[in-house]
Amino acid sequence: MTAESKPADAAASATPLAQPASVVRLEVRDLEIRVGKSGPDVVGDISFAVPAGQVLGLVGESGSGKTTVALALLGHTRRGLRISSGEVRLDGVDLLTLSRGDLRATRGARVAYVPQDPAAALNPTLRVGTQLREALRVHPGAVDDPAGRVLEVMREARLDAAPEMLRRYPHQLSGGQQQRVGLAMAFCCRPSLIVLDEPTTGLDVTTQRHVLDTVRSLCRSYGVAAVYVSHDLAVVGGLVAEVAVMYAGRIVEIGPTAKVFGDPVHPYTRGLLAAVPSPGRAETLAGIEGQPPRPGRRGRGCSFAPRCSFAIDECRSQAPEPVLIDSREVRCIRAADVRSAADARPAAVSGPGDDGRSPALSLRAISARYGRTPVLSGVDLDVPPDSCVALVGESGSGKTTVARCIVGLHGNWTGEITFQGARLSPRLRDRPRDAVRRIQYIFQNPYTSLNPRKTVGQIVAQPLEELLGLPFRERSERAARALEDVSLGRDFLSRYPDQLSGGERQRVAIARALVVEPDLLICDEVTSALDVSVQAVIVEELRRLQRERHLAMLFITHNLALVRSIAQQAVVLRDGAVVESGPVEQVLEHPTDAYTARLMADVPRL
Amino acid sequence: MTVAAPGKPPAAQARDTRTARHPWLTVLATAVRLCLASLVVLLAIIGPLVSPGTPTALVTFAFAKPSGHFPLGSDFLGRDVLARVLNGGWVLLIMAAAATAFGIIVGTAAGVSAAYRRGRADGLIMRTVDVILAFPQLVFALLLVSVIGPKLWLIVLAVGLSHAPQVARVIRSATLDITERDFVKVVELQRMRPSKVMAREILPNLISPLMVEAGLRLTYSIVIMSGLSFLGFGQQPPAANWGLMINENRIGLELNPWAVIVPAALIALLTIGTNTFTDAVARVTLGVDRLPEEAVLTDDLGLGRTT
Chain A
1 MTAESKPADA AASATPLAQP ASVVRLEVRD LEIRVGKSGP DVVGDISFAV
51 PAGQVLGLVG ESGSGKTTVA LALLGHTRRG LRISSGEVRL DGVDLLTLSR
101 GDLRATRGAR VAYVPQDPAA ALNPTLRVGT QLREALRVHP GAVDDPAGRV
151 LEVMREARLD AAPEMLRRYP HQLSGGQQQR VGLAMAFCCR PSLIVLDEPT
201 TGLDVTTQRH VLDTVRSLCR SYGVAAVYVS HDLAVVGGLV AEVAVMYAGR
251 IVEIGPTAKV FGDPVHPYTR GLLAAVPSPG RAETLAGIEG QPPRPGRRGR
301 GCSFAPRCSF AIDECRSQAP EPVLIDSREV RCIRAADVRS AADARPAAVS
351 GPGDDGRSPA LSLRAISARY GRTPVLSGVD LDVPPDSCVA LVGESGSGKT
401 TVARCIVGLH GNWTGEITFQ GARLSPRLRD RPRDAVRRIQ YIFQNPYTSL
451 NPRKTVGQIV AQPLEELLGL PFRERSERAA RALEDVSLGR DFLSRYPDQL
501 SGGERQRVAI ARALVVEPDL LICDEVTSAL DVSVQAVIVE ELRRLQRERH
551 LAMLFITHNL ALVRSIAQQA VVLRDGAVVE SGPVEQVLEH PTDAYTARLM
601 ADVPRL
Chain G
1001 MTVAAPGKPP AAQARDTRTA RHPWLTVLAT AVRLCLASLV VLLAIIGPLV
1051 SPGTPTALVT FAFAKPSGHF PLGSDFLGRD VLARVLNGGW VLLIMAAAAT
1101 AFGIIVGTAA GVSAAYRRGR ADGLIMRTVD VILAFPQLVF ALLLVSVIGP
1151 KLWLIVLAVG LSHAPQVARV IRSATLDITE RDFVKVVELQ RMRPSKVMAR
1201 EILPNLISPL MVEAGLRLTY SIVIMSGLSF LGFGQQPPAA NWGLMINENR
1251 IGLELNPWAV IVPAALIALL TIGTNTFTDA VARVTLGVDR LPEEAVLTDD
1301 LGLGRTT
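The following block contains the structure:
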């Protein structure tokens, strides 16, 4: 589409966001939330409307302000923040002007909240039934028959409405059941607005899909306006009709989901979508370099300008106003140019095939136990040299235990682990120092794997001292080079982990693993604590390093979509046993095992 | 509870932001506390240098009222109270500081090794700690001193040792938390020696709880040291000592109250000053009063910061 035809086209295709048939339930206008009395704004210029029976998706990465907005819909802010201006109208009444008592009566009865972690949100000392009835007791008159209502709402949330269920304590429920109880509590007073804050984040894909189905049917049958907050674009894409993308406290693009995700206009939305891995395609991932500015350091212009390839001088000097393009509002002055720019297709990934060389690492009949509990039973696994094997499984399948057995953190196993032709003993201290050096392990969470009291230089140089016994000068020189290898400059040497972003921390962890020049790299869910745009950058970095250094790599993940982008072979683990293994395309596209097939079917797709 | 969402209405939030004190006010309050404590410390340290006379010289009659010559009057033997006050603090302070340092070092070593080594070492150390904790702190010190005799080094050791179990408990639980973090596993994978792991990886992360403990223990040390002196187990007469002075001169409280009031007030000021100051330092290092900006930014993904 050319720039000239834009205004006419936009006008023609612009449909009112709220269908005339449905009444607008929730309307947010110019909401602004600041730190303290005169601090910088955390979010601002937030305006949207949600009609009855519709779900609005609020997506963004960490720090974008999506949870802050979600809580403001309940008239709440976290400690230290303040709603400085704006309106949150629910059926015409501004919640922000209500008195304390009125607001309390509104919450739960007319506005309900489903938090992220159901295990933390449910009171562990009260039975499920007690907690459900409590919601109805707090709001007398919300429903006619409380006891019947509890059973009814449980059935609607697809929970077993038997009396035994009501007598259970939260810890006796699975994660999915806990979240269903959370949903039942939210819906039991028949609210007008429901705010869901990443309700499926901690759940496995299959459970997630079932919970999402429940959310969808509940919202539809109750005719509530719902706001669904998530960082997972694929989840939101399958659930909501309208989506708002947040960046640095502003809504940068809002409109129908099909438009925003199918044909994104804002450069940030485009970047975000390019970063999302897909289980169906083997493509490189394109991350977004840099990180969002923090409140108070956002400058005058567009907050995304420093990371945007379309940015011009004007972007840096003035904050963009929203413009209407093709039925969505975009906060970008170059929206038309961006849209006409060709979309660079990501390059396809092709890895080295299996050339029949003997594997670098091979596991035979590994059985491991924690105390008396068996965790692994007879796991066989081969990692060829110079290639990447993905170890896939849901939580509790024993993926991490496999890794811990290989590196020597867990010694209670039987079977045989052979690395470069030599058997590895279960205990770390019985292994030769050189074998320890050749296998390096990267931990899941870079927020706990770096000692906060040490500088990056000390952290990266540490293994050189312990494993190679190098003198100080050579250690610091090698550490500096290792940092450069993971695209961090020498100036990071003297920084502390607290001063780094999540992505930078994980790069430091990668540098620490690579500094001793290992032959096998084990990556244990290394991107699960990171945002999707950062995940893409880290995965690409790992792929590049694996190629350049001819590393054997074991990439452990629960994220099936990610497997295609990095690995050549996949091994699926379930309840401590391998159910399927083989080349990635074969395992993911033509699974022979029913479990793998189900996992693939349940993965949310864009 | 899920449905009745957490939080407060706007009115309550406004109150919240108001009660969160301005940072400068906190700094000012801390400065006042620091001044209070350091004035007394200064008095104790430079006291001997500016003292108008020797603290043990008999200069006038017993319990003389304050006069131009002796601003605080005289004590039960007719010695100058001002000279004794100025000379009577520094030994007390040094002993309290030494006992605190000793207690912190022993307690930290015990607590860190118990938590990191676990197993039998943990059981042995912590049961010893339980046994020592069964005695009240002052009684424990008194027991040792009364058996061996009132030697200053022994008092320091006894008081320090009586602190160690409590320090060990606090440090052990803090260490347990740190040991679970991945960065400890990382260096274990590098086969770092356990002693080095404890000293280089764990200890630097214990600074915050150690600051809190050090402040608390210093305050207790001062009180116990003064108490022991008051009971006659500290410095022996004729040495000048604030605790001892209170005991010696309480019989003449009606004749010259200053001989009791001034040393008592100095001990009180010192205790309150060190306690509130170290408390403020601890609040800063633990981040109790920190603005929630960082929390807001990291909360969206539910990532905890490792502070």
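Chains as they are written, first to last, in our numbering: chain A, 1 to 606; chain G, 1001 to 1307. Just so you know, even glycine gets a beta-carbon here, dropped at the ideal spot from N, CA and C. Only a predicted model underlies this, so the values are computations on that prediction, with no experimental measurement involved.
Less than 8 Å between the C-beta atoms of residue i and residue j, yes or no?
i, j, result
"residue 257 of chain A", "residue 235 of chain A", "no"
"residue 1172 of chain G", "residue 1264 of chain G", "no"
"residue 461 of chain A", "residue 286 of chain A", "no"
"residue 603 of chain A", "residue 561 of chain A", "yes"
"residue 525 of chain A", "residue 566 of chain A", "no"
"residue 181 of chain A", "residue 233 of chain A", "no"
"residue 82 of chain A", "residue 129 of chain A", "no"
"residue 411 of chain A", "residue 437 of chain A", "no"
"residue 1242 of chain G", "residue 1073 of chain G", "no"
Would you verify that the beta carbon of residue i is, or is not, closer than 8 Å to some beta carbon of chain A?
i, result
"residue 1118 of chain G", "no"
"residue 1185 of chain G", "yes"
"residue 1264 of chain G", "no"
"residue 1192 of chain G", "yes"
"residue 1204 of chain G", "yes"
Cβ of residue i less than 8 Å from any chain G Cβ?
i, result
"residue 448 of chain A", "yes"
"residue 208 of chain A", "no"
"residue 412 of chain A", "no"
"residue 496 of chain A", "no"
"residue 428 of chain A", "yes"
"residue 604 of chain A", "no"
"residue 463 of chain A", "yes"
"residue 610 of chain A", "Residue 610 of chain A cannot be examined here, being either before or after the span of chain A that is shown, 1 to 606."
Compute the Euclidean distance between the alpha carbons of residue i and residue j, then round it to the nearest angstrom.
i, j, result
"residue 319 of chain A", "residue 300 of chain A", "6 Å"
"residue 367 of chain A", "residue 328 of chain A", "55 Å"
"residue 599 of chain A", "residue 206 of chain A", "7 Å"
"residue 359 of chain A", "residue 1120 of chain G", "42 Å"
"residue 48 of chain A", "residue 1192 of chain G", "56 Å"
"residue 194 of chain A", "residue 288 of chain A", "32 Å"
"residue 1174 of chain G", "residue 522 of chain A", "30 Å"
"residue 512 of chain A", "residue 1190 of chain G", "11 Å"
"residue 36 of chain A", "residue 297 of chain A", "16 Å"
"residue 380 of chain A", "residue 421 of chain A", "16 Å"
"residue 1086 of chain G", "residue 1108 of chain G", "35 Å"
"residue 55 of chain A", "residue 127 of chain A", "31 Å"
"residue 264 of chain A", "residue 237 of chain A", "13 Å"
"residue 150 of chain A", "residue 185 of chain A", "9 Å"
In or out: residue i buried (at least 16 other Cβ within 10 Å) or exposed?
i, result
"residue 171 of chain A", "exposed"
"residue 1061 of chain G", "exposed"
"residue 160 of chain A", "exposed"
"residue 399 of chain A", "buried"
"residue 1105 of chain G", "exposed"
"residue 370 of chain A", "exposed"
"residue 534 of chain A", "buried"
"residue 85 of chain A", "exposed"
"residue 594 of chain A", "exposed"
"residue 1065 of chain G", "exposed"
"residue 1153 of chain G", "exposed"
"residue 30 of chain A", "exposed"
"residue 1223 of chain G", "buried"
"residue 1035 of chain G", "exposed"
"residue 139 of chain A", "buried"
"residue 304 of chain A", "buried"
Can you tell me whether residue i is helix, strand or coil according to DSSP?
i, result
"residue 261 of chain A", "helix"
"residue 1038 of chain G", "helix"
"residue 333 of chain A", "coil"
"residue 304 of chain A", "coil"
"residue 448 of chain A", "coil"
"residue 553 of chain A", "strand"
"residue 496 of chain A", "coil"
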